[in-house]
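Enquirer:
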Amino acid sequence: MKSLEELRAIREKMQGQVGLRAEDDNNTRVVVGMATCGIASGARPVLNYLANEVQTRGLKDVIVTQTGCIGLCQYEPIVEVYAPGKEKITYVKVNPEKAAEILEQHLVRGQLVDKYMLQSTNL
Amino acid sequence: MLPEISLNVLDITQNSISAEADFIEIIISINSVEHTLKATIKDNGRGMDEETVKTVIDPFYTTRTTRKVGLGVPFFKQAAECTGGFLELESEVGKGTMISATFHTDNIDCMPLGDINSTVYSLITFNPQIDFYYEYSVDEHLFDLDTRQMRELLGGVSLDAPEVASFIREYLIENEADVNSKAGYSI
């Protein structure tokens, strides 16, 4: 059974590592819409998947955050990728499986995943 | 409608965050004898005046600017009422807001609680500047998690540090399972 005392050990282990990640402009921001519309269509597992995977793989220059309603509720869950110096990319109707592809192809290798992008859906 | 009560909790708590709360309590209390589940979210955000309290249960009231409907509170209310339960909402300007929904879990229209651990985990790790108190109980068996207490033990280490985040996730899962098993409760 986990006890809060384990946090002391984490503290000792992490001492000196605090502030390792610089909050600078070179980070890619991955933003998941988490308003009622996003949550209702399954944004929570997408957000948690992306955050965990970015941590597990140690992608130091990627930050996963959340936002409110993006204004395209019918296309939720929506994931936006803001890479420094590049145009914003909007992925629509994302689920954890699609998020895995987006992470692997876009965030790791830098290739856009056209088939899930807003631009390529039939509006 | 949202498919899980835990998603309502996540959604409603986003309102507390928008209201600039820095301390939010989430309390899930299950009564296995009376077959009820009460989900309470209490914050110290900016609060609402009486007029606003009346309007938030109206789907055509919202603080969002992207469109003219807001379904968070109406969904929570509807989810509770369709089980024969009810919604309570108390708010005071400058003090905060308490919203609570009681569900009858033996009603066929009752949504499952769902993955409440994911909800609490997301809220804590994506809002490391906010303090949360989470309590989960089945009858007289209870566990809680208080980020203020965690911060003391962690010194300067942030609640969203990877090691801390995975600790929180496992802590929630293990303790919920423990409470359920002690109470002989299965979902």
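These protein sequences, in sequence, are chains A and B. Take the first sequence: its letter number 28 is residue 28 in the numbering used here, and every next letter is one higher. Take the second sequence: its letter number 131 is residue 1131 in the numbering used here, and every next letter is one higher. Glycine included, each C-beta is placed from N, C-alpha and C at the ideal position. Given the structure is predicted, the values throughout are model-derived calculations rather than measurements.
Compare the C-beta of Pro1162 (chain B) against all C-beta atoms of chain A and say whether one is closer than 7 Å.
Expert: Yes - at least one Cβ of chain A is within 7 Å of the one on Pro1162 (chain B).
Enquirer: For the beta strand (DSSP E) containing Ile1099 (chain B), name the first residue and the last one.
Expert: 1096 to 1104
Enquirer: 7 Å is my cut-off, CB to CB: does Tyr1181 (chain B) come that close to chain A?
Expert: Reading the sequence as shown, one finds Ser at residue 1181 (chain B) and not Tyr. Not one chain A Cβ lies under 7 Å of Ser1181 (chain B).
Enquirer: Closer than 8 Å by C-beta to Leu1142 (chain B): which residues in its own chain qualify, once you throw out the five before and the five after it? Chain order, please.
Expert: Glu1135, Tyr1136, Val1179
Enquirer: Do the segment 1042 to 1056 of chain B and the segment 93 to 104 of chain A touch if we need at least three Cβ pairs shorter than 8 Å?
Expert: no
Enquirer: Skipping 5 residues on each side, what residues in its chain have a beta carbon closer than 6 Å to that of Glu1088 (chain B)?
Expert: Answer for Glu1088 (chain B): Ser1100, listed in chain order.
Enquirer: Taking Cβ positions only, does Ile124 (chain A) come closer than 7 Å to chain B?
Expert: Only positions 1 to 123 of chain A appear in this structure, which leaves residue 124 (chain A) out of reach.
Enquirer: Please say whether Ser1016 (chain B) and Gly1047 (chain B) have beta carbons closer to each other than 7 Å?
Expert: For the 7 Å CB-CB criterion, Gly1047 (chain B) and Ser1016 (chain B) do not form a contact.
Enquirer: Apply the 10 Å Cβ neighbour rule to Gly58 (chain A) and answer buried if 16 or more other Cβ atoms are within range, or exposed otherwise.
Expert: Exposed, since its Cβ has fewer than 16 Cβ neighbours within 10 Å.
Enquirer: In the DSSP assignment, what residue or residues form a beta bridge with Leu117 (chain A)?
Expert: Just to set this straight, residue 117 (chain A) is Met in the shown sequence, not Leu. Paired residue(s): A:Tyr91.
Enquirer: Using a Cβ-Cβ cutoff of less than 7 Å, which residues in the same chain neighbour Glu76 (chain A) once the five nearest sequence positions on both sides are dropped?
Expert: Taking C-beta separations shorter than 7 Å and ignoring five residues to either side along the sequence, the partners of Glu76 (chain A) in its chain run Gly33, Cys37, Gly38, Ser41, Ala43, following chain order.
Enquirer: For a quick check, are the C-beta atoms of Ile89 (chain A) and Ile78 (chain A) less than 7 Å apart?
Expert: no
Enquirer: Spell out a yes or no on whether the segment 1073 to 1082 of chain B and the segment 1093 to 1107 of chain B are touching, meaning 3 or more CB-CB pairs, one atom from each, closer than 8 Å.
Expert: yes
Enquirer: Taking a contact to mean a Cβ-Cβ separation below 7 Å, would you say Met1 (chain A) touches Glu1050 (chain B) in this structure?
Expert: no
Enquirer: For Lys60 (chain A), which three-state DSSP category applies?
Expert: coil
Enquirer: Using alpha carbons as the reference points, say which of B:Leu1002, B:Arg1148, B:Ser1006 lies closest to Asp1115 (chain B).
Expert: Shortest Cα-Cα distance from Asp1115 (chain B) to any of B:Leu1002, B:Arg1148, B:Ser1006 involves B:Ser1006.
Enquirer: If I measure Cβ to Cβ from Ser1186 (chain B) and keep anything under 8 Å in the same chain, skipping five residues before and after, which residues do I get?
Expert: Asn1180
Enquirer: Let me know the alpha helix (DSSP H) ranges lying completely inside the segment 1109 to 1143 of chain B, each 4 residues or longer, listed in chain order.
Expert: 1116 to 1126
Enquirer: What residue does the alpha helix (DSSP H) around Phe1076 (chain B) start on, and which one ends it?
Expert: 1072 to 1081
Enquirer: Kindly list, in the order they appear in chain A, the residues whose Cβ is closer than 8 Å to that of Leu1007 (chain B).
Expert: Ile39, Ala40, Arg44
Enquirer: Identify every residue that forms a DSSP beta bridge with Arg124 (chain A).
Expert: Because chain A is modelled from 1 through 123, residue 124 (chain A) falls outside the range shown and cannot be assessed.
Enquirer: Is it the case that the Cβ atoms of Thr1190 (chain B) and Asp1131 (chain B) are separated by a distance below 7 Å?
Expert: Any property of residue 1190 (chain B) remains undetermined from this structure, which presents chain B solely from 1001 to 1187.
Enquirer: Along the chain, where does the beta strand (DSSP E) that runs through Ile1041 (chain B) open and close?
Expert: 1036 to 1043
Enquirer: Mapping DSSP to helix, strand and coil, what is Glu1025 (chain B)?
Expert: strand
Enquirer: Under a Cβ-count criterion, where at least 16 other Cβ atoms within 10 Å of its own Cβ denotes burial, should Met1001 (chain B) be classed as buried or exposed?
Expert: exposed
Enquirer: What does the alpha-carbon distance come out to for the pair Ile1012 (chain B) and Leu1159 (chain B)?
Expert: 21 Å
Enquirer: Can you say whether Ile1026 (chain B) is buried or exposed, counting buried as having 16 or more other CB atoms within 10 angstroms of its CB?
Expert: Its Cβ being crowded by 16 or more others within 10 Å, Ile1026 (chain B) is buried.
Enquirer: Please classify Ile1173 (chain B): does DSSP put it in a helix, a strand, or coil?
Expert: Note: Ile1173 (chain B) maps to helix in three-state DSSP.
Enquirer: Between Tyr1105 (chain B) and Leu1153 (chain B), is the Cβ-Cβ spacing less than 7 Å?
Expert: In the sequence as presented, Tyr is not what sits at residue 1105 (chain B); that position holds Thr. Cβ distance not < 7 Å, so Thr1105 (chain B) and Leu1153 (chain B) don't count as in contact.
Enquirer: With DSSP run on the structure shown, which of helix, strand or coil describes Phe1086 (chain B)?
Expert: If DSSP states are grouped into helix, strand and coil, Phe1086 (chain B) belongs with the strands.
Enquirer: Examine chain B for any beta-carbon lying closer than 7 Å to the beta-carbon of Ile89 (chain A), and answer yes or no.
Expert: So no, Ile89 (chain A) is outside the interface.
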